[in-house]
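Colleague: In the numbering used here, the protein residues as written are 27 to 126.
From the three backbone atoms N, C-alpha and C, an ideal C-beta is built for every residue, glycine too.
Fair warning: this is a prediction, and the values are worked out from it, not measured in the lab.
(1) Going along the chain, which residues of its own chain have a beta-carbon closer than 7 angstroms to the beta-carbon of residue 108, five neighbours each way excluded?
(2) Could you tell me how far apart the beta carbons of residue 70 and residue 97 are, in whole angstroms, since I believe they sit closer than 8 angstroms?
(3) So what does DSSP say about residue 113, is it helix, strand or coil?
(4) Grab the span of the alpha helix (DSSP H) containing residue 49 for me, first residue to last.
(5) Using C-beta distances below 6 angstroms, list every residue in its chain close to residue 77, excluding the 5 sequence neighbours before and after it, in chain order.
(6) If we ignore side chains and look at the alpha-carbon of each, how far apart do residue 124 and residue 66 end up?
(7) Compare the C-alpha of residue 88 against each of 105, 122, 119 and name the closest.
(8) When you compare only the Cα positions, how much space is there between residue 82 and residue 62?
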């Protein structure tokens, strides 16, 4: 499916870029599952989010710098998740505009 989109899409579609989003998404899902099913966990920094931070800092270092100096690890985790979610929504919006 992605190969067909790459051939005809007017936007710059890079299949590897979308594949690179899978690992951060899995980490966010793990965090969601941990927070939802373990009442002893109350901190978003309890789950390792290194893939999320690496993805954001690679593709949007300006946004990564905005939360890198946060006061604590919880705020850094929330900043990374929010920034990644914003980036993901932009990419999915591009696909949606093309597929419409």
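Modeller: Well, looking at it:
(1) Hits under 7 angstroms: none found.
(2) The pair is not a contact, with the Cβ atoms about 14 angstroms apart (cut-off 8 angstroms).
(3) Three-state result, residue 113: helix.
(4) It spans 48–63 - the alpha helix (DSSP H) in which residue 49 sits, taken as one unbroken run.
(5) 49, 50, 53.
(6) Cα to Cα, the separation comes out at about 44 angstroms.
(7) Of all alpha-carbon atoms in 105, 122, 119, the one lying nearest the alpha-carbon of residue 88 is that of 105.
(8) So the two alpha carbons sit approximately 25 angstroms from each other.
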